[in-house]
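Quick notes on the structure that follows.
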Amino acid sequence: MARRTLSFILLASAIAVTGIVPRFSPAAANAAEIDFLSDDFYDYDDVSREAGDPLEPLNRVIFRFNDKMYIHVMEPVASVYAAAVPLDLRECIFNFFRNLEEPVRFLNALLQGRFGDSGEVLTRFLINSTLGIYGLGDAATRVFDVPPVEATLGETLAVWGVGDGAYLVVPFYGSSTIRDFTAVVGEGFGEPYYAWTDNYYYMGTVYAGKETNKLSMHLGEYEELKSVLFDPYVSFRNAYFQYRSKVRGQSRSVPDNAE
């Protein structure tokens, strides 16, 4: 019983460190050319055009809960981890897990009709699995100038006509929609470590370690971003839709109905 309880705690912790900061860090925002200080940002209406926010009162409560969890639990844990593990090693761990997930991206790119992107994902996987020494290094980017490609199940569902559903703020996770979070859960079952074992203790341990490692490379970004926002809830909501639209727009062959 104690072992099952520990497994549950580990899985909950894994979810907790997955998403609040890295997806909307200043680096991510800059990559998508999102200006949090512009007037146009606060006039952005994609939230009403794409999904709507009928659950805003509940979403705001969960947003505040996530904020406290990040500040008092997630970041302190990641800070201790960052102090103990050198950055170079953390980057290798990040690269290793990203490489393991490339087959899922390859499949999603194919299902979206993004054949050029799927070829790049496959190329990256082959290069990094060999020259990158099992994915520990990103030789595809550094040596062959083949940059990372994103292709998610949420985008695949959009291409195939599945609507957004309402905007959601998910406990321990952050901004999403009904469709996108359903896709996140579905993709979780495609993670490679689920094929290795059916032991929830090991699954939770590996997944929590992977996500803590990722978060450790974004320390301080959440506070830096939140400090300049008038209404963090509205800002993160708008950022979610703007970032998603920008990323999809950068995909060379996503069909028009992906939006």
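Residue 21 in our numbering is what sits at position 31 of the sequence shown, and the numbering runs on without skipping anything.
From the three backbone atoms N, C-alpha and C, an ideal C-beta is built for every residue, glycine too.
Residue span of the beta strand (DSSP E) that contains residue i, given as start and end
| i | result |
| --- | --- |
| G164 | 164 to 167 |
| V160 | 157 to 160 |
Integer Cβ distance of residue i from residue j, believed to fall under 8 Å
| i | j | result |
| --- | --- | --- |
| V111 | V139 | 5 Å |
| A130 | D107 | Rounded, the Cβ-Cβ distance is 14 Å, inconsistent with contact. |
| V224 | N56 | That belief does not hold up - the Cβ atoms of V224 and N56 are roughly 15 Å apart, past 8 Å. |
| L209 | A74 | The pair is not a contact, with the Cβ atoms about 13 Å apart (cut-off 8 Å). |
| D170 | G144 | 4 Å |
| Y60 | Y212 | 6 Å |
| G125 | L90 | 7 Å |
| F84 | N203 | 6 Å |
Identity of the residue in the options nearest residue i by Cα
| i | options | result |
| --- | --- | --- |
| L196 | H208, I61, G144, F87 | Per the sequence shown, residue 196 should be read as Val rather than Leu. Nearest C-alpha to V196: F87. |
| W150 | S119, N98, V136, L126 | N98 |
| V136 | A173, N118, S235 | N118 |
| L147 | G127, E177, Y124 | E177 |
| L72 | E201, S206, A229 | With the sequence shown as reference, residue 72 is identified as Ala, and Leu is not the correct amino acid for it. The shortest Cα separation from A72 among E201, S206, A229 belongs to S206. |
| T172 | D154, D188, W186, T187 | D154 |
| Y157 | M59, I61, R227, R234 | R227 |
| R114 | E92, S235, N189, P66 | E92 |
| G180 | R50, V94, K58, M193 | V94 |
| C82 | I123, L45, F134, A198 | I123 |
| A198 | R54, M64, D43, N49 | M64 |
First through last residue of the alpha helix (DSSP H) which encompasses residue i
| i | result |
| --- | --- |
| L209 | No alpha helix (DSSP H) holds L209; DSSP gives it neither H nor E. |
| Y124 | Run containing Y124: none; DSSP gives neither H nor E here. |
| E140 | Per DSSP, E140 belongs to no alpha helix (DSSP H) and is neither H nor E. |
| G180 | First-last for G180: undefined, no H or E at that position. |
| L45 | Counting along the chain, L45 falls outside any alpha helix (DSSP H), and DSSP gives it neither H nor E. |
| N189 | Where N189 is concerned, there is no enclosing alpha helix (DSSP H), given that its DSSP letter is neither H nor E. |
Within-7 Å CB hit, residue i to chain C
| i | result |
| --- | --- |
| E110 | Considering every chain present, this structure includes no chain C. It has just one protein chain. |
Runs of 4 residues minimum, wholly inside the segment 53 to 113: which ones carry the alpha helix (DSSP H) assignment? Entirely contained in the segment 53 to 113, the alpha helix (DSSP H) runs reaching 4 residues are, in chain order, 65 to 74, 77 to 90, 92 to 101.
Count the C-beta pairs between the segment 162 to 172 and the segment 78 to 87 that are closer than 8 Å, then say yes if the count reaches three, no if not. Fewer than three pairs of CB atoms, one per stretch, sit closer than 8 Å, so the segment 162 to 172 makes no contact with the segment 78 to 87.
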